[in-house]
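Undergrad:
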Ligand code: ADP
C-alpha cells in the first residue's frame, strides 16, 4: 500500500465512522424533537378545539339570550301563540345567522322550528316533535330559579345532519315559559375548529361513531367518515379522561397522520369526543431534510479530510518521490545525481545524508576508476613483458637444446658427461614448458587463443594426461582413479590440445598440493538443460584444500597462496612452486570454450587435508561454435 493511502485511509475511516454516527445521532435528535413538537402541537390543538366549542356555545347562549329576552316572547309562549312566537323569533334568529332555531312552550308544545337553508334563506317547519326530546324536557321540568342550561348533539330530521345544540329556558316572573334551543351544524363547527386549531378535526358521538370530520377529500362520504370511528370502550375511555391523549397514527389518502383525542366538554358537560389530527409528513420531511443536510455536511467534511490528507501526503511523499528518483538514477550509474531536497525535517535529513553518501561514492568511484586504469595499464605492460620475454627466452633455449643434444651424442662414450647433458635437457624441458605457459597466457590476455574443435573423448583425454604424469604419480605414490562415469560421457566438440592443457594443469596441481599417498579422482557427468546440455568433469584430490578467500583469486595469473620464497622448484613435489599460471591458463581455455571453471573446497588445512574439487563445465557445442 502506498504511503499516500496509508495517510489518507485512517483519516477517511475515522471520518466515515464519525460522520455515520453523527448523522445517526443528529437525525435521531431531530426526529425525536420533531415528534415531541408534533405531540405538543396536537395537545395544543386539542385545547384550542375545546375552547372553540366553548366559544360556539357562548355564541349560542348570546343568540338564545337575545331571543328569550325579546319583548313579548315569554308572554307569547305562555299564551301558546305560535304566530307571535314566529313573528318575534324569526327575525331575532335570522338576524343572528342561527342555523337551527327551536322554540317550545312550557307545555312542551313546539312553537317554532326554523332551519337555515344552503342558500341562506330560512324555512320553518311544524310538528317536528322536538318538545318531547330530553334536552327540552329536562329544562321544562326544572323550576326557573335553578336557571339550567342544556347541551347536546343531535340529528336534524330536516337535513339529517348532526348539530350541536344549546338550550335555555325562557322565564317570566320566575316561571318557565318555554325553551329556546339553538343549533349549529357540525359541518360548520368542524371547519371552524380546524381554522382556529390548525389541525384537522374528527367529532365522535354515540358509542364512538365518527359523525363529522375535516379530514380527507372534499366530497367525503359517510363510509369514509364512519371509517374514522373508534370502538365504544375506547370512546368511553376518552370521555372519562380529563386530558387530551395522543393516539395512534392513521393513513388517509396515502398520507400519515398522528392524532390526539379528548372529550368535547362544555361547562363540565360531556357532549361527545373529538380528535385533532396533524400530518406526520412534516416530521418525516423535516427529519429527512435535516438528515440530508447533515449527510451533505459530513460528506463535505469527508471531502475536506481527503483533501487535507492528500495535501499532507503530498507534503510528505513528493520529497520521497524525488529521493526515490534520485536513488534510482544513482542505482543506474548516474553518480552525479543529487536529490536537491533542502527541507529541515527528517526527510530533508535523509536526503542530505543520501546526497553526501552519493557524493562520497562518486569521489571513490572516480578514484577507483583511476586506479583501475593504472592497474589495467600495468597489466598490459606485464602481459607485454611476458610475451616479449617468452619470445626472447625461446631463442637461447633453442640454442641450448641444440648444443646439449650435440653434446649428448658426442658423450656416448662418457656416461658422466651423458648424464650431465641429460640434466641440462631436463632443465630445458622445464624451462620451455614455462615459456610455453607464458606464451599461452599472453595469447589468452590478448584474446588470440585459437580453438580448433574436434570430437573429444573424455576418458581418452584424461588417460593421455595420466600417461604423461604417471612417473610423478608413481614417485609420489598417488592413487589416480578415473571414474567409470567418464566412459558414459558422449564425445563433445572441443579443442583436444587446449583441453589437454586444462586437465594437465588441474591434475599436476592435484599432485602438487596433495601429500604423498593421496588420492586423485576424476569424475564426469552430462547435465541436460532446456536449452542444451553440458559436460561436467571434476578433478578431486585429498590435498591441503583452498581457503574460501582464495577460491576465485587462484584463477588469476601469477597468484600463489603460499610464500614464494618457500616454494620448492620441483614440478611435482608436494607444494612445489610453479609460476602461478596453470589455473589462469585453464580458466582462459575453458572460457574460450564458453564454459566455466571453479573450485569447491572446505578450506585450506595442511593437517586435516580437506581436499579440493575443480569443476569444469563445457557446453556441448557443435563443430562450428
Ligand atoms: P602454480 O604454478 O602455483 O601451481 P596455479 O595457477 O596452478 O599456479 O595455481 C595457483 C595456486 O592455486 C597455487 O599456488 C595453489 O596455492 C593453489 N592450488 C591450485 N591447485 C590446488 C589444489 N589442487 N589444491 C590446493 N591448492 C591448489
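Residue numbers (my numbering): 3 to 627. The C-beta atom is built at its ideal place from N, Cα and C for all residues, glycine as well. Computed from a predicted structure; not experimentally measured.
Pairs of beta-carbons, one from the stretch 155-174 and one from the stretch 184-201, closer than 8 Å: are there three or more?
TA: Touching, per the Cβ criterion.
Undergrad: Could you check if residue 202 is buried or exposed, using at least 16 other CB atoms within 10 Å of its CB as the buried criterion?
TA: Residue 202 comes out buried.
Undergrad: Between residue 227 and residue 205, what straight-line distance do the alpha-carbon atoms span, to the nearest angstrom?
TA: The straight-line gap from Cα to Cα measures roughly 10 Å.
Undergrad: Which residues bound the beta strand (DSSP E) around residue 264?
TA: Note, residue 264: beta strand (DSSP E), 257-268.
Undergrad: Have a look at residue 489 and residue 561 and give me their C-alpha separation to the nearest angstrom.
TA: If I take the Cα positions, the gap works out to 34 Å.
Undergrad: Tell me the start and end of each unbroken alpha helix (DSSP H) in the stretch 20-95 that is at least 4 residues and wholly inside, in chain order.
TA: Those alpha helix (DSSP H) runs which fall completely within the stretch 20-95 and span 4+ residues are 75-81.
Undergrad: Could you check how far apart the C-beta atoms of residue 170 and residue 195 are, in whole angstroms? I think they sit under 8 Å.
TA: Actually they do not touch by this definition, with Cβ atoms about 23 Å apart.
Undergrad: Please determine, among 380, 429, 172, 308, the residue with the shortest C-alpha to C-alpha distance to residue 142.
TA: Of the candidates 380, 429, 172, 308, the one whose C-alpha sits nearest the C-alpha of residue 142 is 172.
Undergrad: Could you tell me the alpha carbon to alpha carbon distance between residue 249 and residue 37, rounded to whole angstroms?
TA: Cα-Cα distance, rounded: 13 Å.
Undergrad: How many angstroms separate the CA atom of residue 499 from the CA atom of residue 380?
TA: The straight-line gap from Cα to Cα measures roughly 30 Å.
Undergrad: Report yes if the C-beta of residue 507 is less than 7 Å from at least one heavy atom of the ligand ADP; otherwise report no.
TA: At least one heavy atom of the ligand ADP is nearer than 7 Å to the Cβ of residue 507, so yes.
Undergrad: Residue 412: buried (16+ other C-beta within 10 angstroms of its C-beta) or exposed?
TA: Result: exposed.
Undergrad: Under 7 Å from any heavy atom of the ligand ADP, does the C-beta of residue 418 make it?
TA: Checking the Cβ of residue 418 against the ligand ADP gives no.
Undergrad: Could you check if residue 515 belongs to the surroundings of the ligand ADP, using beta carbon to heavy atom distance under 7 Å?
TA: Residue 515: yes, Cβ under 7 Å from the ligand ADP.
Undergrad: Considering only the beta carbon of each residue, do residue 14 and residue 198 sit closer than 8 Å?
TA: Contact flag unset, no.
Undergrad: Cα-Cα, which of 575, 550, 485, 551 is closest to residue 539?
TA: Of the listed residues, the one whose Cα sits closest to residue 539 is 485.
Undergrad: Does the structure place the stretch 457-475 close enough to the stretch 419-426 that three or more beta carbon pairs sit under 8 Å?
TA: These segments do not touch.
Undergrad: Any idea which residues DSSP pairs residue 215 with across the strands?
TA: For residue 215, which the question treats as bridged, DSSP gives the partners 204.
Undergrad: Of the residues 101, 447, 110, 471, which one's Cα is nearest the Cα of residue 385?
TA: Residue 385 has its Cα closest to that of 447, out of 101, 447, 110, 471.
Undergrad: Locate the beta strand (DSSP E) running through residue 608, then write down its first and last residues.
TA: It is not in any beta strand (DSSP E) - residue 608 carries neither H nor E in the DSSP assignment.
Undergrad: Is residue 442 near the ligand ADP, in the sense that its beta carbon is under 7 Å from a heavy atom of that ligand?
TA: Flag unset: Cβ of residue 442 not near the ligand ADP.
Undergrad: DSSP three-state call for residue 460: helix, strand or coil?
TA: Helix.
Undergrad: Please list the segments of the beta strand (DSSP E) lying wholly inside the stretch 509-561, counting only runs of 3 or more residues, in order along the chain.
TA: Here the runs fully enclosed are 521-531, 534-543.
Undergrad: How about residue 544: is its Cβ closer than 7 Å to a heavy atom in the ligand ADP?
TA: False, no ligand heavy atom lies under 7 Å from that Cβ.
Undergrad: Does DSSP put residue 439 in a helix, in a strand, or in coil?
TA: DSSP places residue 439 in helix when its eight states are reduced to three.
Undergrad: Once you ignore the five residues that flank residue 403 on each side, which residues in its own chain have a CB closer than 8 Å to its CB?
TA: Correct list, in chain order: 427, 430, 434.
Undergrad: Can you tell me whether residue 52 is buried or exposed, with buried defined as 16 or more other CB within 10 angstroms of its CB?
TA: Under this definition residue 52 is a buried residue.
Undergrad: Between the alpha carbons of residue 357 and residue 521, how many angstroms are there, rounded?
TA: The alpha-carbon atoms of residue 357 and residue 521 are separated by roughly 57 Å.
Undergrad: Terminal residues of the continuous alpha helix (DSSP H) containing residue 140?
TA: Residue 140 -> alpha helix (DSSP H) spans 136-142.
Undergrad: So residue 586 and residue 558 are supposed to be a Cβ contact under 8 Å. How far apart are they, rounded?
TA: Going by Cβ atoms, the distance from residue 586 to residue 558 rounds to 6 Å, so yes, they are a contact pair.
Undergrad: Find the nearest neighbour of residue 497 within the set 414, 519, 477, 590, judged by alpha-carbon distance.
TA: Residue 590 is the option with its Cα nearest to residue 497.
Undergrad: Should residue 529 go down as buried or exposed, given a rule of 16 or more other Cβ atoms within 10 Å for buried?
TA: When all chains shown are included, residue 529 counts as exposed.
Undergrad: So, do the stretch 309-321 and the stretch 234-252 have three or more beta carbon pairs nearer to each other than 8 Å?
TA: The stretch 309-321, when compared against the stretch 234-252, does not touch it at the 8 Å Cβ threshold.
Undergrad: So is the beta-carbon of residue 562 under 7 Å away from any non-hydrogen atom of the ligand ADP?
TA: Yes; taking the cut-off as 7 Å, the Cβ of residue 562 has a heavy atom of the ligand ADP nearer than that.
Undergrad: Counting only the same chain and skipping the five closest in sequence on each side, list residues whose C-beta sits under 6 Å from that of residue 605.
TA: Counting only Cβ-Cβ distances below 6 Å, and skipping sequence neighbours, we find 547, 549, 612.
Undergrad: Suppose you measure from the CA of residue 94 to the CA of residue 30; what does that come to, to the nearest Å?
TA: Between residue 94 and residue 30, the C-alpha separation is close to 58 Å.
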